[in-house]
Amino acid sequence: MSVTKLAYYPGCPSDATAMEQDMSTKAVFEKLGVELVEVEDWNCCGAAEVEDPELVYALNARNLAIAEKEGLDIVTPCSICYYNLERSNIALKADDELRAKVKGIDSALDYNGKIKAKHVLDVFVNDIGLEELSSKMSKKLNLKVAPYYGCYIGRPPETAFDDPDDPDSMDKLIELMGGEIVPFSQMKTLCCGGPLMMTRSDIAFEMAMKILDTAKSAGADCIALACPLCGMMLDCKQADIEKALHVEIDMPVVYITQLLGLALGIDANELGLNKNAVDTKDILGKVV
Amino acid sequence: MIKTWELDPNFKEEIMNERGGEHLTACFQCSTCTLGCPIIDYVPSYNPRKIIQMSLLGMRKEVLSNPDLWVCLICQTCTARCPQDVRISDLLGAIRRIADKEAEAGNIKIDSSRPIFDKAFQHQLAKYGRLYDMGLAKEYYPKREGSFFKGMMAMMNDYKDFGMRMFKKGKMGPKAMFPEKVKDLAVMKKIFEEMGEK
Numbered sequence: 014m015s016v017t018k019l020a021y022y023p024g025c026p027s028d029a030t031a032m033e034q035d036m037s038t039k040a041v042f043e044k045l046g047v048e049l050v051e052v053e054d055w056n057c058c059g060a061a062e063v064e065d066p067e068l069v070y071a072l073n074a075r076n077l078a079i080a081e082k083e084g085l086d087i088v089t090p091c092s093i094c095y096y097n098l099e100r101s102n103i104a105l106k107a108d109d110e111l112r113a114k115v116k117g118i119d120s121a122l123d124y125n126g127k128i129k130a131k132h133v134l135d136v137f138v139n140d141i142g143l144e145e146l147s148s149k150m151s152k153k154l155n156l157k158v159a160p161y162y163g164c165y166i167g168r169p170p171e172t173a174f175d176d177p178d179d180p181d182s183m184d185k186l187i188e189l190m191g192g193e194i195v196p197f198s199q200m201k202t203l204c205c206g207g208p209l210m211m212t213r214s215d216i217a218f219e220m221a222m223k224i225l226d227t228a229k230s231a232g233a234d235c236i237a238l239a240c241p242l243c244g245m246m247l248d249c250k251q252a253d254i255e256k257a258l259h260v261e262i263d264m265p266v267v268y269i270t271q272l273l274g275l276a277l278g279i280d281a282n283e284l285g286l287n288k289n290a291v292d293t294k295d296i297l298g299k300v301v
Numbered sequence: 079m080i081k082t083w084e085l086d087p088n089f090k091e092e093i094m095n096e097r098g099g100e101h102l103t104a105c106f107q108c109s110t111c112t113l114g115c116p117i118i119d120y121v122p123s124y125n126p127r128k129i130i131q132m133s134l135l136g137m138r139k140e141v142l143s144n145p146d147l148w149v150c151l152i153c154q155t156c157t158a159r160c161p162q163d164v165r166i167s168d169l170l171g172a173i174r175r176i177a178d179k180e181a182e183a184g185n186i187k188i189d190s191s192r193p194i195f196d197k198a199f200q201h202q203l204a205k206y207g208r209l210y211d212m213g214l215a216k217e218y219y220p221k222r223e224g225s226f227f228k229g230m231m232a233m234m235n236d237y238k239d240f241g242m243r244m245f246k247k248g249k250m251g252p253k254a255m256f257p258e259k260v261k262d263l264a265v266m267k268k269i270f271e272e273m274g275e276k
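From first to last, the protein sequence lines stand for chains A and B. Quick note, the first sequence lines up with residues 14 to 301 if you use this note's numbering. Quick note, the second sequence lines up with residues 79 to 276 if you use this note's numbering.
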C-alpha cells in the first residue's frame, strides 16, 4: 500500500449533522495505518450554493494551497466538497491566468497545482485497494445493502472516479465485507433532492422518498452512502419525510465509512453508529 | 409567437462571456438533457433544451424570468450525458447569475426563494469562512417570508421536530448556536470582495 499520510478535509457538516461520518472516517484511516492531517484552518468549499465558478476556485485555492505546503493529497468524505476541491484543482492547474488572478487576491491562495483532491471511496477502492482492505477485515457483514452513490461520484466526467450510469466501487466494497447488494441500479445515481431542500422541500422530499422506498421494497437492511447532504436528506430528514408524505419507512442509512469500520472490527460507538437519526441497532446485530 | 423585434441578438454572447456559459452554441437540440433530467417528473414544464434554444434566439427576458431556472438540482446528469459537451449544469448556473444581476437591478422579478437562500449562504461564508446553519436560517426565513415574525414562525415549523431529533443525537447542542469560524477571516473577506457578487 502506497498511501500512508493524507491531508483531511472534513467539510462543514462534520461537526454537526454528519458527525458520524467524520468519526468513522478518522477511525477507519487510523485502523488502516493512514495518518490524516487536518487541513489547517480549512474554509468551506462553497457547497452547491456558490454558483460562480471563480469564487469556488478562489475559496478552494486556499484549501489546496494549505495541503500543498504539507506536500499531501487531500481526502474528503463529502461528495460535494470533493467535486469543488478537485474541479478547482483542475481549473487552476490548467489556467495560468486564473491562477495569477486568484493569487493576486492574497498570498494564502498561491497554489501551484502539485496535489490532488480525492474522495474517501476512491482512496479505499483504488488507492489502498480491495486486497489490502480484505486482509485487515475481521468481521463479516450479513447485511442486505442498497448502495446509493448520488451525484458527484460518477458525474461530471472531469472529476468522476466511477461510472456515470452504473458505478460499482461501493458495491465491490460491500461485497468484500460480506454484504449482499439488493436490486437498486435505477436509484444508485439519482439525485437525493438535497439542493432543493430549503427552497422546494416538496420536490426534495418526493425525490428522497423514491430512493428510500425503492431500498425498502428491495428488502434492504440499510442504505449505504458517501455524502453528508445525502445523509441529511435520507437519514436526518427521514422522519420529516414520513410525516409530510404520510408514509412509514424506517430505513437505516449509514455512511460507507461506518460499514467499513464495522468490517474492520472497530467499535460501533467509535464509528458514531449511535448518532444516525434512524436507529442502527438491527444492523449491528448482523455483524459477526 | 416570437416577436422578432424584441429579440436580443447579443444575449448568447452575454451568456458565453460568463464562466460556465462558454459552450452554449454547441447545442444541437437533441433533448438528451431534458429527457434524462430527474426534475421533469415533478416540474413537467422544466426543459433545459428549450431554455438553450430560447437563449440562442435571443429571448433574453423570457429566459431570465423563467422560474424553472431555479429548480435545477445541479446534479450533473445532463452534463454527463450531453453528446455535445454543452455543460448544461454550468450553463444554467451562468444564466442564473445573469438573472440574479437583472433582478438586483430591478429589471426582472424572480419567482423563487433560491437566490435569497444562496445569498444568505454566501454571507455566512464571507463572515465566518464556514457554514453557520443558524445564521443562514436567521437570514433566509425572514427574507423569504417578508417579515421577521413570519420568518421565525416558518423556521420553527421546519425545524422543531428536526432540531429535537438532532439534539437527542448530540448533533445540535449549545455549540451549534455559535458560528465555527476560520482563523484567517481577513482572507475570506478579501476573497468575497474580489470574487463575490457585488
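Beta carbons are placed, not taken as given, at the ideal position from N, Cα and C, and that holds for glycine.
**Prompt:** Can you list the residues of chain A that residue 46(B) reaches, using a CB-CB cut of under 7 Å?
**Reply:** Residue numbering for chain B in the displayed model covers 79 to 276; residue 46(B) lies beyond these limits and cannot be assessed.
**Prompt:** From which residue to which residue does the beta strand (DSSP E) around residue 51(A) run?
**Reply:** Residue 51(A) -> beta strand (DSSP E) spans 48-51.
**Message:** To test your reading of the DSSP string, which unbroken alpha helix (DSSP H) runs of 4 or more residues are found completely within the region 239-278 of chain A?
**Reply:** Taking only runs of at least 4 residues, the alpha helix (DSSP H) segments lying wholly in the region 239-278 of chain A are 241-244, 251-258 and 269-276.
**Message:** What does the Cβ neighbour count give for residue 277(B), buried or exposed, with the cut at 16 atoms within 10 Å?
**Reply:** In this structure chain B extends from 79 to 276, so residue 277(B) is not present and cannot be described.
**Asked** Do residue 104(B) and residue 154(B) have their C-beta atoms within less than 8 Å of each other?
**Response** Going by beta carbons, residue 104(B) and residue 154(B) fall outside the 8 Å limit.
**Message:** To the nearest angstrom, how far is the alpha carbon of residue 204(B) from that of residue 245(A)?
**Reply:** Residue 204(B) and residue 245(A) have their C-alpha atoms spaced approximately 24 Å apart.
**Prompt:** Would DSSP call residue 105(B) helix, strand or coil?
**Reply:** Correct three-state label for residue 105(B): coil.
**Request:** Would you mind working out which of 191(B), 136(B) and 271(B) sits nearest residue 81(B), comparing C-alpha positions?
**Result:** Taking each of 191(B), 136(B) and 271(B) in turn and checking the Cα distance to residue 81(B), the smallest one comes out for 136(B).
**Item:** Three CB pairs or more closer than 8 Å across the region 215-223 of chain A and the region 119-130 of chain B
**Value:** In this structure the region 215-223 of chain A touches the region 119-130 of chain B; the number of beta carbon pairs closer than 8 Å is three or more.
**Stretch pair the region 224-231 of chain B + the region 14-31 of chain A: three plus CB contacts closer than 8 Å** = Counting C-beta pairs closer than 8 Å gives fewer than three between the region 224-231 of chain B and the region 14-31 of chain A, which falls short of the contact rule.
**Item:** Three-pair Cβ contact test at 8 Å for the region 138-157 of chain A versus the region 92-111 of chain A
**Value:** Taking 8 Å as the limit for Cβ pairs, the verdict is that the region 92-111 of chain A does not touch the region 138-157 of chain A.
**Request:** Identify each residue in the region 112-137 of chain B for which the Cβ-Cβ distance to at least one residue of chain A is less than 9 Å, and report them in chain order.
**Result:** Against chain A - using a Cβ distance shorter than 9 Å - the residues of the region 112-137 of chain B are 116, 117, 119, 120 and 121.
**Asked** Any beta-carbon of chain B closer than 8 Å to the one on residue 72(A)?
**Response** Among the residues facing chain B, residue 72(A) is included, as its CB has a counterpart in that chain under 8 Å away.
**Message:** To be precise: take each residue of the region 117-149 of chain A, compare its Cβ to all Cβ atoms of chain B, and keep it if any distance is under 7 Å. Which residues remain?
**Reply:** Listed by position along the chain: 118, 119 and 121.
**Asked** For residue 131(A), does the count of other Cβ atoms within 10 angstroms reach 16, so buried, or fall short, so exposed?
**Response** So residue 131(A) counts as buried.
**Message:** Restricting to runs no shorter than 4 residues, where is the alpha helix (DSSP H) found entirely within the region 118-190 of chain A?
**Reply:** With a minimum length of 4 residues, the continuous alpha helix (DSSP H) runs that stay inside the region 118-190 of chain A are 143-149 and 182-189.
**Message:** Give me, in chain order, the residues of the same chain whose beta-carbon lies closer than 7 Å to that of residue 53(A); leave out the 5 immediate sequence neighbours on both sides.
**Reply:** Only 79 meet the Cβ criterion.
**Asked** In whole angstroms, what separates the C-alpha of residue 140(B) from that of residue 191(B)?
**Response** Approximately 19 Å, taken between the alpha carbons.
**Request:** Sort 102(B), 124(B), 223(B) and 129(B) by Cα distance to residue 194(B) and report the nearest one.
**Result:** Ranked by Cα distance from residue 194(B), the first of 102(B), 124(B), 223(B) and 129(B) is 223(B).
**Message:** Quick check on residue 107(B): buried or exposed, where buried means 16 or more other Cβ atoms within 10 Å of its Cβ?
**Reply:** Label assigned to residue 107(B): exposed.
**Prompt:** Do you know how far the Cα of residue 246(B) is from the Cα of residue 111(B)?
**Reply:** A straight line joining the alpha-carbon of residue 111(B) with that of residue 246(B) spans about 42 Å.
**Request:** Quick one: give me the first and last residue of the alpha helix (DSSP H) that residue 215(B) is part of.
**Result:** 211-223 is the span of the alpha helix (DSSP H), which, as asked, contains residue 215(B).
**Request:** Take residue 23(A) and list the residues in its own chain whose beta-carbon comes closer than 6 Å to its own, dropping the five residues that flank it on each side.
**Result:** So the qualifying residues of the chain are 35.
**Item:** Cβ-Cβ distance between residue 209(B) and residue 198(B) below 8 Å
**Value:** For residue 209(B) and residue 198(B), no; Cβs fall outside 8 Å.
**Request:** List the whole-angstrom C-beta distance separating residue 152(B) from residue 167(B), where the pair is believed to meet the contact cut-off of C-beta under 8 Å.
**Result:** Rounded to whole angstroms, the Cβ separation of residue 152(B) and residue 167(B) is 6 Å, and the two are in contact under 8 Å.
**Prompt:** When DSSP labels each residue in this structure, what does residue 25(A) get in the three-state scheme?
**Reply:** DSSP places residue 25(A) in helix when its eight states are reduced to three.
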